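Chains as they are written, first to last, in our numbering: chain A, 6 to 351; chain B, 6 to 351; chain C, 6 to 351.
Ideal placement from N, C-alpha and C gives every residue a C-beta, glycine not left out.
Nothing here was measured: the structure is a model prediction, and the numbers come from that model.
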Amino acid sequence: MEKTLKEIADFIGGRLLGDPHVVIKGLKGITEAEPGDLTFIANRRYLKYLASTRASAVVVSPEIEQANLNLVQVDDPYTAFGRLISWFYPMEKEKPFISPQAYIDPSAMVSPEATVFPGVFIDAEVEVGRGAVIYAGVSIGKGAKIGEDTILHPNVVIYPQCIIGNRVIIHAGAVIGADGFGFAHPGRENIKIPQAGIVQIDDDVEIGANTTIDRATLGRTWIKRGTKIDNLVQIGHNVTVGERAIIVSQVGISGSTRLGNGVILGGQVGIVGHIEIGDGCIVAARSAVHNDVPAGQIIAGAPHMPYKKWLRVTGALSRLPDWMKKITDLTNRLTQVEKFLEDRKK
Amino acid sequence: MEKTLKEIADFIGGRLLGDPHVVIKGLKGITEAEPGDLTFIANRRYLKYLASTRASAVVVSPEIEQANLNLVQVDDPYTAFGRLISWFYPMEKEKPFISPQAYIDPSAMVSPEATVFPGVFIDAEVEVGRGAVIYAGVSIGKGAKIGEDTILHPNVVIYPQCIIGNRVIIHAGAVIGADGFGFAHPGRENIKIPQAGIVQIDDDVEIGANTTIDRATLGRTWIKRGTKIDNLVQIGHNVTVGERAIIVSQVGISGSTRLGNGVILGGQVGIVGHIEIGDGCIVAARSAVHNDVPAGQIIAGAPHMPYKKWLRVTGALSRLPDWMKKITDLTNRLTQVEKFLEDRKK
Amino acid sequence: MEKTLKEIADFIGGRLLGDPHVVIKGLKGITEAEPGDLTFIANRRYLKYLASTRASAVVVSPEIEQANLNLVQVDDPYTAFGRLISWFYPMEKEKPFISPQAYIDPSAMVSPEATVFPGVFIDAEVEVGRGAVIYAGVSIGKGAKIGEDTILHPNVVIYPQCIIGNRVIIHAGAVIGADGFGFAHPGRENIKIPQAGIVQIDDDVEIGANTTIDRATLGRTWIKRGTKIDNLVQIGHNVTVGERAIIVSQVGISGSTRLGNGVILGGQVGIVGHIEIGDGCIVAARSAVHNDVPAGQIIAGAPHMPYKKWLRVTGALSRLPDWMKKITDLTNRLTQVEKFLEDRKK
């Protein structure tokens, strides 16, 4: 595919600075781009590469200018570049077909407009909506429902009765609906509490590879509309995640905790069970959250604290050995003063 | 299913306070329960919902009373409610059948009373006991043994020669017996040390979704009877986990470490290799354990320390900036005193 | 298999102290070894077992002597013992065969000298090299390339277009090439940025069970030659890992970060995106790395700092409550001194 810079600027609604006739043949990252490529800058860290990039043009934010480069200025270069990626490298949509090498229980209702690959297992009373794509090795348990245009990548497992909405993307190896981890008398008898609930995943959610979301003890574990979850995340039984949340890789959320709308959790965060994180909270990577957090807070640390305080604490932490030396010095000086005064008294 | 509160109280051996004739049609969590539902309180955090619950009755511990509610008092509400879940929502047992769409090596010995789903792969000399259920997409390597009434959920992988006991439950995507991570001259030559041992999992163990337990270099990685392991846990080669342990999600245990009986590890704990954690130890979530821990200890922190000390240290940590200000103040005051005395000397 | 100690010493080029005629029938760890077994010591922690081992002989480093034991001294006992494991317990190589129960797209080019198990899915235009072994349940997406003698264990997923080199080992359940986690306006609109790049894995890499390596937004996520990655590791989009790196279990590396050659990351390390870790860096387990690290550094802590400093800081940390008591004492003493001087002034 080839486009002129003019066509590109028009497509993303940007302001073109430079040669409108230059031909763009591909998109690349700023350090890999060659002549003929378009690149972009959405993160200030990469501004340093602007002078030396070999790209034929760069999509940038409005405040960036560089006389000797072809630029397209837009308010939001990351989103604009995302649209260009879809334009230049369109995803091939799978054609509807039902592989005869899939196993589909006679009582399952699979839309003839769905795609089912070889090696898929679909159990009794499952429903699969139109436009859904079920890749090889996926297993869908009894009575589960898969919405329209939803994509289950290879080897995803959906346990019985779980409900997956429309336009959901679940990446390879994710497991939805395994038993929650509930045992009475832990460490002594480990009596299993049956996990009779389900997982409900609403429309437009994306779930990363090898992530696990456990079924509820009763009721549902619930991931609401538009939330995006990265790889290797653990979500415990009866957790509720609000709408449009972002959960980065390797986060763990313990049972019955509730996240509000628009919450952002950095990588490797851990959250205890039975708490509430309010709407719009941002939790820095690696934080350990141990009790309720009101809406709109930015927190960090393990145990967690307000982000700004955490900056001061970790700054102080690295100077700790110096401060201890200061305390020892102070002690010595004070002892001398006391001794001096003691001598005077005599 | 419908039961009177009297029938329920009798079933769990509880003391009924209220109307014995009220009819219970389902079980729910305390905030979701509707009229006709029974709910329970096993965690003090939920006491606050007792006044407002719409449930028709509540299973509680003996010290809880609430005049206007139908209550069933039992010593252990969590276990009692678990029994009620099994009663109200019995798990359908899979009927024995061997799918013709499974691949079973002719030399494998699969009990005719086992259940083998489509898309299962069973290699040479494997044994599968009576009552075992092998779900779709499971792969069992050469010579592995699967005990009686053991359940392997979809896409579980058992590597060759591993031994799985009776009544074991392994959730979807778990990998048992992949090579331990052993390389000589790490970072330079990375010479692979062959991993010729196995994994042995004893009776009544449960293993979570996408958890990985590596085979031993020589001998066995060993999970003993009654231990329960959550999702996304990593257990290294030659580790031994004692009986009735509880290992919460995302824990990592490095090679050759030994855990005693009844050990409880909170979520995201990391344990170095080649150490011993004694019987009955409790390790708080997110701790990093770097050397031997005697039996019965409660520890926390990274690096770990006794739990009570950790409470003091983390308390102190959050006040660190204030203390540093105090040190600066002290230094200023002491300098003034010294100066005053110096002036006097003259 | 039986070998005399003389044959064993000759095989690993070691110096024999003791009876050359003793017959060795198996290899074991030092605490499990019985008469007839050979064992080894490669880690000082196990020296304490030398006096009590029941093994018939021990492979040790040159400085170790024990008069009453048969020893074989070598410079590098771990590597030597690894060679002995391969000798005593040779891995059976799978014979080339293509299962008729695998699905192979007609346009795929699978070497007749490869092995393809039942239940494998190979999509259009895939290439599989000679000697490759593709176990049950593996899914290989459109246009992906699998090199010679590469082993994909059961249920591995290779997404479309990814390139896997020669002699690569990928353990069960690993997912190569799922979408990178890129969303514009996170927490508000979560606009998906298409992930149009690939993953490239070079020769002689090993990847652990259930590890996930995301495809690039554009270009490639790149794991270079000889690198070894443990289980449950997350590697984000556009990351580059240099040659011969060692990445221990449960590490997370965020997008666009670059690791040099020979880097060693301990377990559960987290690394933010868009940074560079220089050649030969060693990062202690559980560290959180938040900005560039020059070559050759040894770092630890969260946030990271030089390893030696971290030792001092964590040492200081555990004494924090004591130091705070000291500050309170100092304050009291100084107040008394000030009061004394104030009284004098009057």
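Inter-residue CB distance, residue i and residue j (contact presumed, cutoff 8 Å)
i	j	result
A:Ala141	A:Asp110	About 18 Å; that fails the 8 Å criterion.
A:Asn75	A:Ser57	That belief does not hold up - the Cβ atoms of A:Asn75 and A:Ser57 are roughly 15 Å apart, past 8 Å.
B:Ile269	B:Gly241	Actually they do not touch by this definition, with Cβ atoms about 19 Å apart.
B:Tyr108	C:Pro123	4 Å
B:Arg249	B:Gly271	Between B:Gly271 and B:Arg249 the Cβ distance is about 16 Å, and since that is not below 8 Å, they are no contact.
C:Ala179	C:Ala214	6 Å
A:Ser323	C:Val318	6 Å
B:Asn243	B:Gly260	6 Å
C:Gly185	C:Pro165	At roughly 14 Å, the Cβ-Cβ gap does not stay under 8 Å, so C:Gly185 and C:Pro165 are not in contact.
Best match in the options for proximity to residue i [C-alpha to C-alpha]
i	options	result
A:Phe45	A:Val65, A:Val27, A:His26 and A:Arg59	A:Val65
C:Val288	C:Cys167, C:Gly260 and C:Ile252	C:Ile252
A:Ile234	A:Thr222, A:Arg317, A:Ile218 and A:His242	A:Ile218
B:Asn171	B:Val138, B:Gln200 and B:Gly146	B:Val138
C:Phe126	A:Glu99, A:Asn160 and A:Lys100	A:Asn160
B:Gly265	B:Gly272, B:Ile276 and B:Gly247	B:Gly247
B:Val133	B:Ile151, B:Val121, B:Val143 and B:Pro117	B:Ile151
C:Ile175	C:Cys286, C:Leu157 and C:Ile181	C:Leu157
B:Val274	C:Gln255, C:Gly260, C:Pro123 and C:Thr262	C:Gln255
B:Pro308	B:Ala293, B:Leu322, B:Trp315 and B:Asp297	B:Ala293
B:Asp4	B:Thr245, B:Lys314 and B:Gly272	There is no way to answer for residue 4 of chain B, as the model of chain B reaches only from 6 to 351.
B:Asp42	B:Thr9, B:Gly178 and B:Lys147	B:Thr9
C:Asp24	C:Ile17, C:Ile13, C:Thr84 and C:Gly18	C:Ile13
B:Leu21	B:Arg49, B:Lys30, B:Pro40 and B:Ile69	B:Ile69
B:Cys167	B:Asn48, B:Ala149, B:Leu346 and B:Cys286	B:Ala149
B:Glu7	B:Ile29, B:Asp15 and B:Ile17	B:Ile29
C:Val79	C:Asn73, C:Asp15, C:Ala113 and C:Ser104	C:Asp15
B:Pro82	B:Gly18, B:Thr155, B:Lys344 and B:Lys147	B:Gly18
A:His279	B:Gly31, B:Asn48 and B:Lys11	B:Asn48
B:Ala305	B:Ile181, B:Asn296, B:Pro299 and B:Leu316	B:Leu316
B:Ile212	B:Lys147, B:Pro299, B:Thr155 and B:Lys313	B:Thr155
B:Thr262	B:Asn236, B:Lys313 and B:Ile228	B:Ile228
A:Arg135	A:Asn337, A:Gly146, A:Glu153 and A:Lys147	A:Glu153
A:Phe93	A:Ala113, A:Arg50, A:Arg59 and A:Gly31	A:Gly31
Neighbour flag for residue i against chain F, beta carbons, 7 Å
i	result
C:His176	Looking at the structure shown, chain F is missing, and the protein chains on hand are A, B and C.
Scan the region 246-268 of chain C for residues whose Cβ lies nearer than 8 Å to a Cβ of chain B and list them as they occur along the chain.
-> Listed by position, the residues of the region 246-268 of chain C near chain B (Cβ gap below 8 Å) are Arg249, Ala250, Ile251, Val253, Ser254, Gln255, Gly267 and Val268.
Any alpha helix (DSSP H) of 4 or more consecutive residues that is wholly inside the region 67-104 of chain A = Correct list: 82-93.
Selection of the region 310-337 of chain B by Cβ proximity to chain A, strictly under 7 Å = Within the region 310-337 of chain B, Thr319, Leu322, Ser323, Leu325, Pro326, Met329, Ile332, Leu335 and Thr336 place their CB atoms closer than 7 Å to a CB of chain A, listed in sequence order.
Residues of the region 129-162 of chain A with Cβ closer than 9 Å to any Cβ of chain C, in chain order = Within the region 129-162 of chain A, the qualifying residues are Tyr140, Ala141, Gly142, His158, Pro159 and Asn160.
Per the contact definition of three or more C-beta pairs closer than 8 Å, is the region 177-189 of chain C in contact with the region 192-207 of chain B?
-> Verdict: no, contact absent.
Interface positions of the region 29-48 of chain A facing chain C (Cβ-Cβ less than 8 Å), listed along the chain = Within the region 29-48 of chain A, the qualifying residues are Leu32, Lys33, Gly34, Glu37 and Asn48.
Check whether the region 29-49 of chain B touches the region 316-336 of chain A, counting contact only when three or more Cβ pairs, one atom from each stretch, lie closer than 8 Å.
-> Touching, no.
Quick one: which residues of the region 284-306 of chain A get their C-beta closer than 9 Å to a C-beta of chain B? List them in chain order.
-> So the close ones are Ala293, His295 and Gly306.
For the region 200-208 of chain B against the region 221-231 of chain A, are there 3 or more C-beta pairs whose distance is under 8 Å?
-> Taking 8 Å as the limit for Cβ pairs, the verdict is that the region 221-231 of chain A does not touch the region 200-208 of chain B.
Taking only runs of the beta strand (DSSP E) that begin and end inside the region 163-234 of chain B, which ones reach a length of at least 3 residues, in chain order?
-> Fully enclosed beta strand (DSSP E) runs of 3 or longer: 203-206 and 225-228.
Contact set between the region 184-195 of chain A and chain B, restricted to residues whose Cβ is under 8 Å from the partner | Taking a C-beta cut-off of 8 Å against chain B, the contacting residues of the region 184-195 of chain A are Asp184, Phe186, Gly187, Phe188, Ala189, His190, Pro191, Gly192, Arg193, Glu194 and Asn195, listed in chain order.
Along the chain, which unbroken stretches of the beta strand (DSSP E) at least 3 residues long are found entirely within the region 270-319 of chain B?
-> Listed in chain order, they are 303-305.
Count the CB pairs spanning the region 84-104 of chain B and the region 113-120 of chain B that are closer than 8 Å, and state whether there are at least three.
-> Contact between the region 84-104 of chain B and the region 113-120 of chain B is present: three or more C-beta pairs spanning the two stretches fall below 8 Å.
Interface residues of the region 112-127 of chain C facing chain B [CB-CB below 7 Å] | Per Cβ criterion, the list reads Phe122, Pro123 and Gly124.
Compile a chain-ordered list of the residues in the region 224-241 of chain A whose CB is closer than 8 Å to at least one CB of chain C.
-> Identification of residues in the region 224-241 of chain A having a C-beta nearer than 8 Å to some C-beta of chain C yields Gly231, Thr232, Lys233, Asp235, Asn236 and Leu237, given in sequence order.
Which of the residues in the region 74-86 of chain A, read from start to end, lie with their CB under 8 Å from any CB of chain C?
-> Of all residues in the region 74-86 of chain A, Asp81, Tyr83, Thr84 and Phe86 have a Cβ within less than 8 Å of some Cβ in chain C.
Using a Cβ-Cβ cut-off of less than 8 Å, list which residues of the region 17-28 of chain C approach chain A; keep chain order.
-> The region 17-28 of chain C vs chain A, Cβ under 8 Å: nothing.
Let me know the beta strand (DSSP E) ranges lying completely inside the region 6-56 of chain B, each 3 residues or longer, listed in chain order.
-> Counting only runs of at least 3 residues, the region 6-56 of chain B fully encloses the following beta strand (DSSP E) elements, listed from N- to C-terminal order: 20-22 and 42-45.
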